[in-house]
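Q: Quick one: the structure is below, and I'll ask about it shortly.
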Amino acid sequence: MPLTLQNNSLYFEQASLDAIANQFGTPAYVYSRAALTSAYQDYANALGEWPGTICYAVKANSNIGVLNVLARLGAGFDIVSVGELERVLRAGGQPSKMVFSGVGKTASEMARALEVGVGCFNVESANELETLSQVAGSQNKVASISIRVNPDVDAKTHPYISTGLKENKFGIDINDAVAVYQRASSLPGLRIVGVDCHIGSQLTETQPFIDALDRVLQLVDKLADKGITIHHLDLGGGLGVTYDQEVPPAVSDYISAIKAKLGDRKLALMFEPGRSIAANAGVLLTRVEYLKPTEHKNFAIVDAAMNDLIRPALYQAWQGIVPVNPRDADSQVWDIVGPVCETGDFLGKDRELAIEQGDLLAIKSSGAYGFTMSSNYNSRPRACELMVDGDAVHVIRKRETIDDLVALEAILPASE
Ligand code: LLP
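Here the sequence shown stands for residues 210 to 625, numbered as in our numbering.
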């Protein structure tokens, strides 16, 4: 993380988080352009001359300011809805470098994706193939496809974010894949270009990826026997980050291991990293409203809540919480909780901190699956999003207002 302590106050790049909170208010998401850039470049450099594309998974953080930083670096994008597609276009991303994933693409989403020239559809079911071929035919186009296979490997991650097991809804059982590819090759609107797989998120070991790759390569060979040539492998996203003590593999080691496994095979490589690009490029800034020590627990009630950052409530996820202006005082153990009316509304439990009312806290590793999973629950306007670039701070999403909250709503007409 680009967080440093300067004169006993936290800075994000060269911008003071204290000054940011005073100028823009809290809660506020703050991202670092330098951190996004270096995380993307780790992938691009690791891929090196090997043909392929790094397709940033837009779901992790879809602010157009973030997407634009990555588009300027030449990134591709992994999208899962027409909403994400339009965001990438507005951010200046290239349609030909987009891959369209997701189990429930609608015919109208497919039509729009074909119209703009999305690079590849990652098809997730046999029935989706039929629909896509028809939609492409109606536009006199041919859709390039990969089929997402489910290799049945255990990603050893939280069950909610594990996707490559037989019991998960994603992809096609790898044992049925040859038949589905044969069907695809007979459909007029489709061109087979790749094989896709994504086994889960926040993986901290390389082995499950390699196990999945082994199975995918066996499939590529079986397809070759049937006369179906695969040009690229899309190995999905999923590389973990350090939230606490985790030590995920370095991007360069991970990609080197994949390249070593491929050897002389002429297969381009696609990756769909989300978390490992954005998580540690962002913090959520929040202010302590009230300290509420009780007989059982000490609660620090802050102005951010589960509606702003749902990961702790939803996955019992642990994210670091640090004071922006550390105090030289005795610490106590606090639960950091929000104002939302739910017992599950916590951002961190049992954190040892020296804090007073009015203090600022930074919740680390909040750049991925933070704002994108936020909501207006309890009619809380969503936080602003800011991008630090050196010592400059740019507003990339204004704080929502009460008018924004009700802008799309209406009351019934007056009755007699
Ligand atoms: N590709 C596909 C098809 C995916 O489903 C995902 C994430 C990614 C790529 C990006 O994976 P990443 O590199 O970010 O691990 N909300 C959860 C994470 C859900 C991930 C869903 N799919 C969290 O906050 O932990």
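Built from N, CA and C at the ideal position, the CB exists for glycine as well. In this text the structure is predicted, and so the values were computed from the model without any measurement.
Hey, out of L399, A280 and R474, whose CA is closest to L426's CA?
A: Nearest C-alpha to L426: R474.
Q: My guess is that Q566 and L614 are in contact by the Cβ rule of under 8 Å, so how many angstroms apart are they, rounded?
A: Their Cβ separation, rounded to whole angstroms, is 27 Å, which puts Q566 and L614 out of contact at 8 Å.
Q: Roughly how many angstroms lie between the CA atoms of A571 and R496, to the nearest whole one?
A: Rounded to the nearest angstrom, the two C-alpha atoms are 9 Å apart.
Q: Would you be able to state if there are at least three C-beta pairs under 8 Å between the segment 274 to 289 and the segment 299 to 308?
A: With the cut-off at 8 Å, the segment 299 to 308 and the segment 274 to 289 touch.
Q: Excluding five sequence neighbours on each side, which residues of the same chain lie with their C-beta closer than 6 Å to the C-beta of V460?
A: Excluding sequence neighbours, V460 sits near D251, Y252 and A255.
Q: With respect to the beta strand (DSSP E) encompassing D405, which residues constitute its N-terminal and C-terminal limits?
A: Where D405 is concerned, the enclosing beta strand (DSSP E) stretches over L399 to D405.
Q: DSSP state of G274, grouped into three classes?
A: Reduced to three states, the DSSP call for G274 is helix.
Q: Below 8 Å, can you find three or more Cβ-Cβ pairs linking the segment 327 to 338 to the segment 355 to 363?
A: Yes, since at least three Cβ pairs between the segment 327 to 338 and the segment 355 to 363 fall closer than 8 Å, the two stretches touch.
Q: Taking DSSP as the reference, what is the three-state secondary structure of R536?
A: Three-state result, R536: coil.
Q: Report all residues from its chain with a CB closer than 7 Å to the CB of L323; omit the five preceding and five following residues, and keep chain order.
A: Counting only Cβ-Cβ distances below 7 Å, and skipping sequence neighbours, we find V344, A345, Q348, K350 and A352.
Q: Cα-Cα, which of G557, V542 and D539 is closest to L523?
A: It is G557.
Q: In the DSSP output, what is S225 paired with across the bridge?
A: Partner(s): Y220.
Q: If you follow the beta strand (DSSP E) that P502 is part of, which residue opens it and which one closes it?
A: G491 to P502 is the span of the beta strand (DSSP E), which, as asked, contains P502.
Q: For D643, is the beta carbon positioned less than 7 Å from some heavy atom of the ligand LLP?
A: Residue numbering for the chain in the displayed model covers 210 to 625; residue 643 lies beyond these limits and cannot be assessed.
Q: Mapping DSSP to helix, strand and coil, what is M210?
A: In the structure shown, M210 sits in coil (DSSP, three-state: anything other than H, G, I, E or B).
Q: With which residues is C329 paired in a DSSP beta bridge?
A: C329 pairs with V308.
Q: Alpha carbon to alpha carbon, what distance is there between V511 and V239?
A: The alpha-carbon atoms of V239 and V511 are separated by roughly 17 Å.
Q: Reducing DSSP to helix, strand and coil, say where S347 ends up.
A: Helix, per DSSP.
Q: Keeping to the same chain, check which residues put their C-beta closer than 8 Å to that of D554; ignore five residues upstream and five downstream.
A: Cβ neighbours of D554 beyond the five flanking positions: A514, M515, A522, V546, G547 and P548.
Q: For the ligand LLP, I want to know if K306 counts as a neighbour, meaning its beta carbon is within less than 7 Å of at least one of the ligand's heavy atoms.
A: No, the beta carbon of K306 sits no closer than 7 Å to any heavy atom of the ligand LLP.
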